[in-house]
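**Student:** Below you will find the structure I want to go over with you.
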Amino acid sequence: MQKPRLLDCHLHINHFERTIEDTIRHMDATGTEKAFVLPLETGEGGVLLRTETVLHAYHQYRDRIIPFCQTDIRSDDVIARLRAYHLLGCRGIGEQKEHLPLNDPRVERVIAFCNDVHWPITIHFQDGAGGYNQGLADHLETYLKRYKNVRIIGHAQTWWANISAEVPPADKSLYPKGPVKPGGLLDRLLSDYPNLYADMSAGSGFGALSRDKDFTAGFIERHPKQMLFGSDCPCYDGQGAHFKNVCYSRQLQEFLRELVSDPETLQDIFFNNAMRALEG
């Protein structure tokens, strides 16, 4: 069987000072044809990556990189900056990651902007002290109801903790383990809102998906058009160099190929769904 095309929906450049060229080598080594490359302009979370750097990489590798933009949404000029990035060729916002509650008006105005220009937005959901976009369970559905054009791509610890109906307090664990209790918030929201997508990247994604394989198989069967392959991998070479000998991309690819037997579903997860999220 021919290997499916691969689009990584969550990749950065500057992890551990990784260069643009190192990032392309990582993509080559993992069989990644294209990637959403996501800046983090505020440096919150330990990675600083300017949108200008992503656009520079895009101009070097137009057939490989799909540029997203990100700017400090607490700034007064945020919408003007986003409009400029739109004109310069950016295709979405991400990774949206500032220390704000999800229902902050400054978060809503960038979601509304995405709705107006038909963009996706990748949001890092992390409840608790020092978290980002806190309050997913209380506030995400409001935006999904209000803004139908934007595609919201959910990512990170609190997003994936809600795969289960039992979610521990954020101060107890952001990485719950053990069997998943059916009836989780993600199942309902993904069923009710086709403009919502699940970014499977990083330790949060793999941990949630691998904690209960039987549940995950059914979860994917219920939402086959909304699952996005992504890595958020910081290694240099697709073999784990500079990162504990682990490559998130290879790890997740192997897991999904073992779990999902239907080639059309795999092709959707690995490529087609990300293009739907991108294009609307």
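The sequence shown runs 1 to 280 under my numbering. Where is the CB? At the ideal position from N, CA and C, for every residue including glycine.
Assuming H10 is part of the beta strand (DSSP E), what are its boundary residues?
**Tutor:** Against the sequence shown, residue 10 aligns to sequence position 10. Per DSSP, H10 belongs to the beta strand (DSSP E) from 7 to 11.
**Student:** Just how far apart, CA to CA, sit F215 and T23?
**Tutor:** Taking the first residue of the sequence shown as position 1, residue 215 is located at position 215. Taking the first residue of the sequence shown as position 1, residue 23 is located at position 23. Straight-line Cα distance between these residues: approximately 33 Å.
**Student:** Do L228 and L189 come within 9 Å of each other at the CB atom, strictly closer than that value?
**Tutor:** The residue given as residue 189 occupies position 189 in the sequence shown. The residue given as residue 228 occupies position 228 in the sequence shown. Contact flag unset, no.
**Student:** Do E108 and P39 have their C-beta atoms within less than 9 Å of each other?
**Tutor:** Position 108 of the sequence shown, counted from the start, is the residue given in the question as residue 108. Position 39 of the sequence shown, counted from the start, is the residue given in the question as residue 39. For E108 and P39, no; Cβs fall outside 9 Å.
**Student:** Measure from the C-beta of T158 to each C-beta in chain B and report whether the shortest distance is under 9 Å.
**Tutor:** This model lacks chain B altogether, as it is built from one protein chain only.
**Student:** The alpha helix (DSSP H) that contains A202, what's its start and end?
**Tutor:** For the purposes of this step, residue 202 is taken as residue 202 along the sequence shown, with counting starting at 1. First-last of the alpha helix (DSSP H) with A202: 202 to 210.
**Student:** By Cβ distance, which residues of its chain are closer than 6 Å to N195, with the 5 residues on each side in sequence left out?
**Tutor:** Counting from one through the sequence shown, the residue named residue 195 turns up at place 195. Once the five neighbours on either side are set aside, the close Cβ partners of N195 are R151.
**Student:** For G178 versus D212, is the C-beta spacing smaller than 9 Å?
**Tutor:** Sequence index remark: in the sequence shown, residue 178 carries index 178 (1-based). Sequence index remark: in the sequence shown, residue 212 carries index 212 (1-based). Yes, the Cβ-Cβ distance between G178 and D212 is below 9 Å.
**Student:** Does the Cβ-Cβ distance between Y175 and R18 come in under 9 Å?
**Tutor:** On the sequence shown, residue 175 is found 175 positions in, with the first residue counted as 1. On the sequence shown, residue 18 is found 18 positions in, with the first residue counted as 1. In this structure, R18 does not lie closer than 9 Å to Y175 by Cβ.
**Student:** Apply the 10 Å Cβ neighbour rule to T51 and answer buried if 16 or more other Cβ atoms are within range, or exposed otherwise.
**Tutor:** Counted from its first residue, the sequence shown places residue 51 at position 51. Label assigned to T51: buried.
**Student:** Once you ignore the five residues that flank R257 on each side, which residues in its own chain have a CB closer than 8 Å to its CB?
**Tutor:** Working through the sequence shown from its first residue, we reach residue 257 at position 257. Closer than 8 Å at Cβ, skipping near neighbours: L266.
**Student:** Pairing CB atoms from the stretch 242 to 257 with CB atoms from the stretch 159 to 173, are three or more of them under 8 Å?
**Tutor:** No, the stretch 242 to 257 is not in contact with the stretch 159 to 173.
**Student:** Nearest-angstrom Cα distance between C233 and H12?
**Tutor:** The residue you call residue 233 lines up with position 233 of the sequence shown. The residue you call residue 12 lines up with position 12 of the sequence shown. Whole-angstrom Cα-Cα distance: 8 Å.
**Student:** Please look up how many angstroms separate the CB atoms of I79 and F113, rounded, as I've assumed it's under 8 Å.
**Tutor:** Within the sequence shown, the letter at position 79 stands for residue 79. Within the sequence shown, the letter at position 113 stands for residue 113. Correct: roughly 6 Å between the Cβ atoms.
**Student:** Can you tell me whether DSSP reads H124 as helix, strand or coil?
**Tutor:** Against the sequence shown, residue 124 aligns to sequence position 124. H124: strand per DSSP, three-state reduction.
**Student:** Compute the minimum distance between the beta carbon of L100 and the heavy atoms of the ligand NAP, and state whether it is under 8 Å.
**Tutor:** Here there are no bound small molecules, and the ligand NAP is not part of this structure.
**Student:** If contacts are defined as beta-carbon pairs under 8 Å, then N115 and F125 qualify, I think. What distance do you get, rounded to the angstrom?
**Tutor:** In the sequence shown, residue 115 corresponds to position 115, counting from 1. In the sequence shown, residue 125 corresponds to position 125, counting from 1. 19 Å between Cβ atoms; not a contact.
**Student:** Return yes when the Cβ of L278 is within less than 9 Å of the Cβ of M200, no when it is not.
**Tutor:** Residue numbering aside, residue 200 sits at position 200 when the sequence shown is read from its first letter. Residue numbering aside, residue 278 sits at position 278 when the sequence shown is read from its first letter. Cβ atoms of M200 and L278: not closer than 9 Å.
**Student:** Going by DSSP in three states, F271 sits in which element: helix, strand or coil?
**Tutor:** The residue labelled residue 271 in the question sits at position 271 within the sequence shown. DSSP places F271 in helix when its eight states are reduced to three.
**Student:** Under the three-state reduction of DSSP, which class applies to R25: helix, strand or coil?
**Tutor:** Within the sequence shown, the letter at position 25 stands for residue 25. Here R25 sits in helix by DSSP.
**Student:** Note down the Cα distance separating N14 from S173, rounded to an integer number of angstroms.
**Tutor:** By one-based count along the sequence shown, residue 14 stands at place 14. By one-based count along the sequence shown, residue 173 stands at place 173. So the alpha carbons of these two residues sit roughly 28 Å apart.
**Student:** Around the C-beta of N273, are 16 or more other C-beta atoms found within 10 angstroms, so that it is buried, or is it exposed?
**Tutor:** The sequence position of residue 273 within the sequence shown is 273, counting from 1. Classification for N273: buried.
**Student:** How close, in whole Å, do the beta carbons of I66 and I93 come, if the pair is a contact with beta carbons under 8 Å?
**Tutor:** In the sequence shown, the residue the question calls residue 66 occupies position 66. In the sequence shown, the residue the question calls residue 93 occupies position 93. Actually they are not in contact, since the Cβ atoms of I66 and I93 sit about 13 Å apart, beyond 8 Å.
**Student:** Whose C-alpha, out of H56, G89, V117, I20, is nearest the C-alpha of G280?
**Tutor:** Within the sequence shown, residue 280 is the residue found at index 280, counting from 1. The option with the nearest alpha carbon to G280 is V117.
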